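Participant: Dumping the structure here so I can ask a few things about it.
Residue numbers (full-length UniProt numbering): 1 to 188.
Encoded structure:
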């Protein structure tokens, strides 16, 4: 699949720069993380969430880096497979149309036990009309999306203010998320 994504004309500029599409996992992955797009460090290293955001995400999930990097346990499918560049207040958003083309193909090969939707772009695409009007309301309603889907805020250090204004996230959602991840990884 990675070769097909790299060959997509929409990705020609990234392929010309020598970048490879950044996605990770296998059909046997138990936990699917749908994220925004790779950060600069992740794109350069070829390792998803290879930064401070990744450190925070691992803490929220209750797993080690070795567990997270195990494709039989985790899959990471971003809304865009390439670092989109720097914007005025953080990275640019994922390019439009990429997830619409590639997610159905990729996800048809997988049967995860748990799907974690990281950030507004992933939530908008995968929850559609089921999502609440704002990111905060969508994440606050995490229990309403069933036992197999959890929307979360992006673990970026830029979101520390959001986390301070929403202490329920660390107090209620994170412990629940850790339990769901442990259960998904434990079940045969």
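For every residue, glycine included, the Cβ atom is placed at its ideal position computed from N, Cα and C. Please read all numbers here as calculations on a predicted model, not as lab measurements.
Using 8 Å as the cut-off, can you tell me whether the segment 126–139 makes contact with the segment 43–61, which would need three or more C-beta pairs spanning the two stretches below that distance?
Facilitator: Touching, no, given that fewer than three Cβ pairs across the two stretches are closer than 8 Å.
Participant: Give the single residue among 96, 123 and 147 whose Cα lies nearest to the Cα of residue 139.
Facilitator: The count along the chain shown starts at 1 and reaches residue 139 at position 139. Residue 123 is the option with its Cα nearest to residue 139.
Participant: Kindly indicate which residue of 125, 79 and 29 has the alpha-carbon position closest to the one of residue 93.
Facilitator: Here residue 93 refers to the residue found at position 93 when the chain shown is read from its first residue. Looking at the Cα atoms, 79 is the closest of the given residues.
Participant: Starting from residue 151 and walking both ways along the beta strand (DSSP E), at which residues does that stretch end?
Facilitator: Your numbering for residue 151 matches position 151 in the chain shown. Residue 151 -> beta strand (DSSP E) spans 149–152.
Participant: Whole angstroms is fine: what's the gap from residue 165's alpha carbon to residue 121's?
Facilitator: By one-based count along the chain shown, residue 165 stands at place 165. By one-based count along the chain shown, residue 121 stands at place 121. Distance between the alpha carbons of residue 165 and residue 121: 21 Å.
Participant: Cβ of residue 189 within 8 Å of Cβ of residue 81?
Facilitator: Outside the shown range of the chain, which is 1 to 188, sits residue 189, and nothing can be said about it.
Participant: Do residue 177 and residue 60 have their CB atoms nearer than 8 Å?
Facilitator: Translated into the one-based positions of the chain shown, residue 177 becomes position 177. Translated into the one-based positions of the chain shown, residue 60 becomes position 60. Yes; because the gap between Cβ atoms is below 8 Å, this pair is in contact.
Participant: Would residue 119 and residue 153 be called neighbours here (beta carbons separated by less than 8 Å)?
Facilitator: To locate residue 119, count along the chain shown from 1; it is residue 119. To locate residue 153, count along the chain shown from 1; it is residue 153. Yes. Within cutoff.
Participant: Which partner residues of residue 24 appear in the DSSP bridge assignment?
Facilitator: Counted from its first residue, the chain shown places residue 24 at position 24. Paired residue(s): 76.
Participant: What residue range is occupied by the uninterrupted beta strand (DSSP E) comprising residue 115?
Facilitator: Position 115 of the chain shown, counting from 1, holds the residue named residue 115. Per DSSP, residue 115 belongs to the beta strand (DSSP E) from 114–118.
Participant: So for residue 55, helix, strand or coil by DSSP?
Facilitator: Here the question's residue 55 lines up with position 55 in the chain shown. Residue 55: helix per DSSP, three-state reduction.
Participant: Would you list the one or two residues that DSSP bridges to residue 106?
Facilitator: Numbered from its first residue, the chain shown carries residue 106 at position 106. None; residue 106 has no bridge partner.
Participant: DSSP on residue 32, reduced to helix/strand/coil?
Facilitator: Position 32 of the chain shown, counted from the start, is the residue given in the question as residue 32. If DSSP states are grouped into helix, strand and coil, residue 32 belongs with the strands.
Participant: Evaluate residue 157 with the Cβ neighbour count: other Cβ atoms within 10 Å of its Cβ, from every protein chain shown; 16 or more gives buried, anything less gives exposed.
Facilitator: Along the chain shown, read from residue 1 onward, the residue named residue 157 stands at position 157. Classification of residue 157: exposed, given that the 10 Å Cβ count is below 16.
Participant: Helix, strand or coil: how does DSSP classify residue 62 here?
Facilitator: Residue numbering aside, residue 62 sits at position 62 when the chain shown is read from its first letter. Here residue 62 sits in coil by DSSP.
Participant: Quick check: the Cα distance between residue 88 and residue 187, rounded to an integer number of angstroms?
Facilitator: Residue mapping note: residue 88 aligns to position 88 of the chain shown, counting from 1. Residue mapping note: residue 187 aligns to position 187 of the chain shown, counting from 1. The straight-line gap from Cα to Cα measures roughly 43 Å.
Participant: Within this structure, are the beta carbons of residue 76 and residue 24 separated by less than 8 Å?
Facilitator: Numbered from 1 along the chain shown, position 76 holds the residue referred to as residue 76. Numbered from 1 along the chain shown, position 24 holds the residue referred to as residue 24. The answer is yes: Cβ separation under 8 Å.
Participant: To the nearest angstrom, how far is the alpha carbon of residue 74 from that of residue 34?
Facilitator: Looking up residue 74 in the chain shown gives position 74. Looking up residue 34 in the chain shown gives position 34. Going from the Cα of residue 74 to the Cα of residue 34 covers about 11 Å.
Participant: By Cβ distance, which residues of its chain are closer than 8 Å to residue 10, with the 5 residues on each side in sequence left out?
Facilitator: In the chain shown, counting from the first residue as 1, residue 10 sits at position 10. For residue 10, where only same-chain residues beyond five positions count, the Cβ hits under 8 Å are 95, 97, 98 and 101.
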